[in-house]
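Everything on this sheet refers to the single structure shown next.
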Amino acid sequence: MGVSEPSVRTFKLNIWQYTATMGKEIGHIELTSKDLMATKKFYSKLFGWKFEMFDDSYAMFKTSQKGVGGGFQLGKKVKPGSTTFYVNVDTIPATQQKAKSLGGRILKKRKSIGGGMGYWGTIGDPHGNVIGLWSKK
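This note's numbering applies: residue 567 is where the sequence shown begins, and numbers increase by one.
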């Protein structure tokens, strides 16, 4: 039994809606950094995240009281594209330009998701991690 195109569209619509009926929330995101201090500076300036050093090789972050948190583990190499998480932003182009000014890269410019679900784009941080951006407009 195959999956029909309408079913796929319905699934995509449901997964992008932020409602009380959503499943489990993401509890932690883990990424790699070649330079923890530079990573802390980049994300603090770009998104206003707060960091706490767990030890010399791990920096934990929290996006807000209720938001998803995670950590950056010190490593020699970052495998680009291995982890993508999406950050809700006011405007994608402005966030991408800010990322670029902080040493990041614009990977995919703002595109419509369709179905009135908003827009998405991606940036690369200075260490090669891919970060998704989502906005209502």
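Beta carbons are placed, not taken as given, at the ideal position from N, Cα and C, and that holds for glycine.
List the endpoints of the continuous beta strand (DSSP E) containing residue i.
i, result
"GLN639", "635-640"
"LYS677", "671-678"
In whole angstroms, what separates the C-alpha of residue i from that of residue j?
i, j, result
"PRO692", "ARG676", "20 Å"
"ALA660", "PHE620", "32 Å"
"ILE679", "LYS702", "10 Å"
"SER623", "TYR685", "35 Å"
"VAL655", "ILE697", "12 Å"
"PHE638", "ILE658", "24 Å"
"PHE651", "GLY682", "21 Å"
"GLN662", "GLU596", "22 Å"
"GLU618", "SER610", "12 Å"
Less than 8 Å between the C-beta atoms of residue i and residue j, yes or no?
i, j, result
"THR605", "ALA625", "yes"
"GLY633", "HIS594", "no"
"VAL653", "LEU699", "yes"
"LYS600", "GLY641", "yes"
"PHE608", "GLY670", "yes"
"ILE672", "LYS666", "yes"
Within the present structure, is the beta-carbon of residue i separated from the nearest heavy atom of the ligand ZN by less than 7 Å?
i, result
"LYS606", "This structure lacks the ligand ZN, and indeed carries no ligand of any kind."
Determine which residues share a DSSP beta bridge with residue i and list them.
i, result
"MET626", "GLU618 and GLY637"
"THR598", "GLN639"
"TYR530", "Nothing can be reported for residue 530, as the shown portion of the chain is limited to 567 through 703."
"VAL696", "THR650 and GLY690"
If you follow the alpha helix (DSSP H) that residue i is in, where does it begin and where does it stop?
i, result
"THR714", "Absent from the model: residue 714. The displayed extent of the chain is 567 to 703, so no value can be given."
"LYS664", "658-667"
* Would you be able to state if there are at least three C-beta pairs under 8 Å between the stretch 637-650 and the stretch 684-698? => Yes: the two stretches touch, three or more of their Cβ pairs being nearer than 8 Å.
* Can you find at least 3 beta carbon pairs, one from the stretch 626-638 and one from the stretch 606-617, that sit closer than 8 Å? -> Yes: at least three Cβ pairs fall under 8 Å.
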